[in-house]
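Counted the way this note's numbering counts, the sequence shown spans residues 85 to 281.
All C-beta atoms in this analysis are idealised placements derived from N, C-alpha and C, irrespective of residue type, glycine included.
Nothing here was measured: the structure is a model prediction, and the numbers come from that model.
Report on one structure; see the data block that follows.
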Amino acid sequence: EMKSMFYEIVIAPEYEPKALELLKKKKDLRILLAELPPHYGKAGDGYLDLRRVKGGLLAQASDSLPEDSVSLKTVTKRKPAPEEIADLLFAWRAVKHVKSNAIILVKDKTLLGMGAGQPSRIISAQIAREKAGEKTEGSVLASDAMFPFADVVEAAAAGGVTAIVQPGGSLRDEDSIKAADKHNIAMVFTGVRHFRH
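Written out as structure tokens, the structure is:
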């Protein structure tokens, strides 16, 4: 699989010996070891992230839910297939690290397109589709926050997206669910958002 993809750098907290051996065969690939802090992903309730803003600080609840505690609730008629679930979980972990309003497209645990830091979710979705190009067919989409409208689902369908993961919680969730059902897209809710100001 790696032969068909171009990678400049691979970063991971650890490598299996066989995987490391394969990676070292790839010419000009930088392989880095990322040492995670001892309490990575284990911040307790009440832990705050602080962000500097003009005239003060913005305090937000930390997005530190342990990755293995993600619960996917299927809200559409079609449930995601096992390979879609693997990509949805990967995408959910990745979208957490993208600037809000974040939309990413993933296929085979590979990030294909990313839209970040836009004033609306639909613009982020359009940018992600543009960056992914024709590779969107059969991909999954992750959003760091709920969909206020069904427009992102419609854009995803136009790009051939087959499954979506998002927190849910919009007053118009039903509109997005109906749009997903109309296009036979599996959609799951996590009940937790990654969105940050």
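Starting from the Cα of residue i, find the closest Cα among the options and give me that residue.
| i | options | result |
| --- | --- | --- |
| residue 186 | 172, 230 and 235 | 230 |
| residue 116 | 190, 105, 136 and 95 | 95 |
| residue 157 | 263, 247 and 266 | 247 |
| residue 168 | 276, 258, 249 and 255 | 249 |
| residue 225 | 252, 233 and 191 | 191 |
| residue 267 | 199, 220, 140 and 161 | 161 |
| residue 276 | 139, 176, 111 and 104 | 176 |
| residue 274 | 252, 91 and 257 | 252 |
| residue 184 | 112, 200 and 174 | 200 |
| residue 121 | 137, 97 and 104 | 97 |
| residue 216 | 204, 195 and 202 | 195 |
| residue 91 | 112, 213 and 257 | 112 |
| residue 89 | 99, 102, 100 and 107 | 107 |
| residue 269 | 178, 193, 180 and 165 | 165 |
In the DSSP assignment, find the beta strand (DSSP E) that holds residue i and state where it starts and stops.
| i | result |
| --- | --- |
| residue 248 | 247-250 |
| residue 194 | 194-199 |
| residue 154 | It is not in any beta strand (DSSP E) - residue 154 carries neither H nor E in the DSSP assignment. |
| residue 271 | 270-273 |
| residue 191 | 187-191 |
| residue 96 | 93-96 |
What residues in its chain sit with their C-beta under 6 Å from that of residue i, if we drop five residues either side in the sequence?
| i | result |
| --- | --- |
| residue 135 | 142 |
| residue 260 | 231, 234 and 237 |
| residue 159 | 261, 271 and 273 |
| residue 202 | 185 and 208 |
So is residue i buried or exposed if we call it buried at 16+ other beta carbons inside 10 Å?
| i | result |
| --- | --- |
| residue 218 | exposed |
| residue 255 | exposed |
| residue 223 | buried |
| residue 281 | Any reading at residue 281 needs caution, since the residue's pLDDT is 45, under 50, leaving its predicted position unreliable; the model's value is listed next. Classification of residue 281: exposed, given that the 10 Å Cβ count is below 16. |
| residue 242 | exposed |
| residue 36 | With the chain covering 85 to 281 only, the question about residue 36 has no answer from this structure. |
| residue 139 | exposed |
| residue 118 | exposed |
| residue 228 | buried |
Can you name, in chain order, every residue of its own chain whose Cβ lies under 7 Å from the Cβ of residue i, other than the five neighbours on each side?
| i | result |
| --- | --- |
| residue 238 | 263 |
| residue 265 | 160 and 161 |
| residue 114 | 92 and 93 |
| residue 198 | 182, 188, 212 and 215 |
Give a yes or no on whether the minimum CB-CB distance between residue i and chain C is below 9 Å.
| i | result |
| --- | --- |
| residue 245 | The question asks about chain C, but that chain is absent: this structure has only one protein chain. |
Start and end of the alpha helix (DSSP H) containing residue i?
| i | result |
| --- | --- |
| residue 236 | 235-242 |
| residue 179 | 166-179 |
| residue 108 | 101-108 |
| residue 223 | Note, residue 223: premise wrong, no alpha helix (DSSP H); not H, not E. |
| residue 114 | Unbroken run through residue 114 is the beta strand (DSSP E), 114-117; no alpha helix (DSSP H). |
| residue 212 | 205-216 |
| residue 266 | 257-266 |
Could you name the residues of the same chain whose beta carbon sits closer than 8 Å to that of residue i, not counting the 5 residues immediately before and after it, in chain order?
| i | result |
| --- | --- |
| residue 206 | 233, 235, 236 and 239 |
| residue 244 | 220, 221, 222 and 223 |
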